[in-house]
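Residue numbers (our numbering), protein chains in the order written: chain G, 1 to 10; chain L, 1001 to 1212.
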């Protein structure tokens, strides 16, 4: 499985 | 958006509002660490610079604006409007011992070596330890007003709920952000001692006071 991150949180 | 993230955000918002109202209604910031509040203002400012570069949702944007606005309002109340009530002698934590190492770590350990990304990383690391001046102040005076403990509880609960949110997102959204998770664990662990006192004392109607 490919994991990613993004800054979509507070 | 999942239930842990939403309740985490609301808990965070509740903490910020509780603190603002406590200072406003009592016309006093006694027992509150101005240094922690300055650190939180720096945290929000450095993290939410992406307000200018990317749009995520109306919810995201409005919460960021509210958090930043409230953080600066709190700092204003402590250092300007109710300055006379600020207990600077007990707020003696040396914040440079937090900001300098955290800044160095953000430059060394980040997702991407770019200006905004390093500031984002800095804010994540700084947030994890920003409450230390406040906890230090309480340990120094040996007590805290009950309303201040409600503030701290909501603030600690927020990151604990975010940990559950990250577990959720790991399984259901393939989301994995090591930097946020490690810092979030550190942040939550720092509150554990306080959580214990809050549950065993404050929730049973007693004032939070530490043995001398």
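Using N, Cα and C, we set each Cβ at its ideal position, and we do this for glycine too.
For residue 1187(L), the uninterrupted alpha helix (DSSP H) segment begins and ends at 1178 to 1200. In this model, residue 1087(L) and residue 1143(L) are separated by some 13 Å (Cα to Cα).
Inter-segment contact for the segment 1072 to 1083 of chain L and the segment 1029 to 1045 of chain L is present: three or more beta-carbon pairs are separated by less than 8 Å. With contacts defined as CB atoms closer than 8 Å, residue 1152(L) and residue 1194(L) qualify as a contacting pair. From the beta-carbon of residue 1056(L), the residues of chain G found nearer than 7 Å are 8.
Of all alpha-carbon atoms in 1166(L), 1157(L) and 1118(L), the one lying nearest the alpha-carbon of residue 3(G) is that of 1166(L). Non-local C-beta neighbours of residue 1014(L) in its own chain, meaning closer than 6 Å and more than five positions away in sequence, comprise 1154, ordered along the chain. Within the model, the alpha-carbon separation for residue 1168(L) versus residue 1027(L) is close to 41 Å. By the criterion of at least three beta-carbon pairs nearer than 8 Å, the segment 1179 to 1190 of chain L is in contact with the segment 1124 to 1135 of chain L. Of all residues in the segment 1169 to 1195 of chain L, only 1174, 1175, 1176 and 1177 come within less than 7 Å of chain G when Cβ atoms are compared, listed by chain position.
Taking C-beta atoms under 8 Å as the contact rule, residue 1050(L) and residue 7(G) qualify, at a distance of about 6 Å. In the DSSP assignment, residue 1143(L) forms a beta bridge with 1209(L). Taken atom to atom, the span from the alpha-carbon of residue 1112(L) to that of residue 1181(L) is near 17 Å.
Taking a Cβ-Cβ threshold of 9 Å, the residues of chain G close to residue 1060(L) are 8, 9 and 10, in chain order.
Looking at the DSSP output, residue 1175(L) bridges to 4(G). Following the DSSP letters along the chain, one finds residue 1090(L) in no alpha helix (DSSP H), marked with neither H nor E. Its chain contains 1118 as the residues whose beta carbon lies nearer than 7 Å to that of residue 1107(L), once the 5 sequence neighbours on both sides are disregarded; these appear in chain order.
For the segment 1123 to 1167 of chain L, the continuous alpha helix (DSSP H) assignments of 4+ residues that do not extend past its boundaries occur at 1132 to 1141, in sequence order. Secondary structure of residue 1112(L) (DSSP, three-state): coil.
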